[in-house]
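The structure under discussion appears below in the form of structure tokens.
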Amino acid sequence: MPEAERSHSGARIRTSAKGKAMTGEPDVYRADDGVIDAGGHPPHVHTFHEFLYVPMGHIVVSAQGREFELGARAALWIPAGVLHGARFGDDAVIAVEAFEAEEFTLPYAEVTPVGVSDGQRRLLLGRLRSTRGVEGDREVFARLCATHPDSLPLPQPTSANAAVVARELSRTPGDPRTATEWAAGLYTSSTSLRRAFLAETGLAFSEWRTRLRLNHSLCLLEQGQLVSAVAAQVGFVSTNGYILAFRRYFACTPGAYVRQVLARPAGREVRRGPDRVTAPR
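Laid out in structure tokens, this is it:
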């Protein structure tokens, strides 16, 4: 029987011996009354955006005429209002994060499979074990949205001071503080902080922060925000500086990137058979 857990972002999850049958209209669940049964989940919709992750075992989610197989290296974003159901493997451990649609803007209009980084996996597992998580946590939402198919690799530092800086910048990528200013606030030297980033991530602090800002900008661009607004929001001093950095890392301008995204099939999923989709692993 799968092990179901309650997320800290509001979805309440319950186990039972059998999956419930459903007739008539699909159930509509809010963030404070979502229910997952042990054998699966009949077709239903949420009023919240759902991030579904399976750190152990596997499940199959049916949505929009397709099936998504989820395992330990993949997750699924399900936008609010999308009809979906699921079948759970006997050994599945299921983690759910729910974010109210009125408060959070999801960068995906359709059900979208995404890869899960080691840092995100640790975050999700930690929230399963913890009783202190914050419901609808904006930092958690930002970190999970960073799982973008085009994101630049961004290793996370592990030492205490560098990890604090990385966490705060992930929450607010536009924070203008320099390495020297961060170091002063942490009662350490800027040299030590810079060395920690380089040793633990393989990237200089400035390089790491630039990658972080560019990764955050991808979702904002896909929401249709102006390039100048995106540049300011993620912390670039000028729009031109943002465009130059974007071109250096992605080999195109932000405007060209948006046009490419609009031309892609939704979700960029890989099909196996006529109706089967396998999430990235």
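The sequence shown runs 1 to 281 under this note's numbering. Ideal placement from N, C-alpha and C gives every residue a C-beta, glycine not left out.
Classify residue i as buried or exposed, calling it buried when 16 or more other Cβ atoms lie within 10 Å of its own Cβ.
i    : result
G174 : exposed
G71  : buried
E97  : buried
V270 : Confidence at V270 is low in this model, with a pLDDT of 32, below 50, so the placement of that residue is unreliable and no value is reported for it.
Q223 : exposed
V93  : buried
R259 : exposed
A21  : Low local confidence applies: a pLDDT of 34 at A21 is under 50, so the model's placement there is unreliable, with the coordinate-based value given in what follows. Burial call: exposed.
T210 : buried
C219 : buried
E25  : At E25, the pLDDT of 49 sits below 50, so the modelled position is not reliable; the number obtained from the coordinates is stated separately. E25 should be labelled exposed.
P176 : exposed
C145 : buried
A229 : exposed
Can you give the Cα-Cα distance for residue i and residue j, rounded to whole angstroms?
i    : j    : result
A101 : S189 : 42 Å
R213 : T172 : 9 Å
V164 : S62  : 39 Å
E168 : E103 : 21 Å
E69  : E181 : 45 Å
Y335 : F236 : Lying before the first or after the last residue shown, residue 335 is absent from the chain, which here runs from 1 to 281.
L262 : R87  : 31 Å
Q225 : D90  : 43 Å
G34  : A204 : With a pLDDT of 47 at G34, under the threshold of 50, the predicted position of this residue should be treated as unreliable, though the coordinate-derived value follows. Their backbone Cα atoms lie some 43 Å apart in a straight line.
K18  : G85  : For K18, the predicted structure reports a pLDDT of 34, less than 50, and the residue's modelled location is therefore unreliable. The matter cannot be settled from this model.
G115 : F250 : 19 Å
V140 : G202 : 24 Å
L186 : L123 : 23 Å
A80  : R195 : 43 Å
I believe residue i touches residue j by the beta-carbon criterion, under 8 Å. Please report the beta-carbon distance rounded to the nearest angstrom.
i    : j   : result
L83  : P43 : 6 Å
V111 : I59 : Rounded, the Cβ-Cβ distance is 14 Å, inconsistent with contact.
(request) Count the CB pairs spanning the segment 150-158 and the segment 210-228 that are closer than 8 Å, and state whether there are at least three. (result) Short answer: they touch.
(message) If we require 4 or more residues per run, which alpha helix (DSSP H) segments fall completely within the segment 122-194?
(response) DSSP runs (the alpha helix (DSSP H)) wholly in the segment 122-194: 138-145, 160-171 and 179-185.
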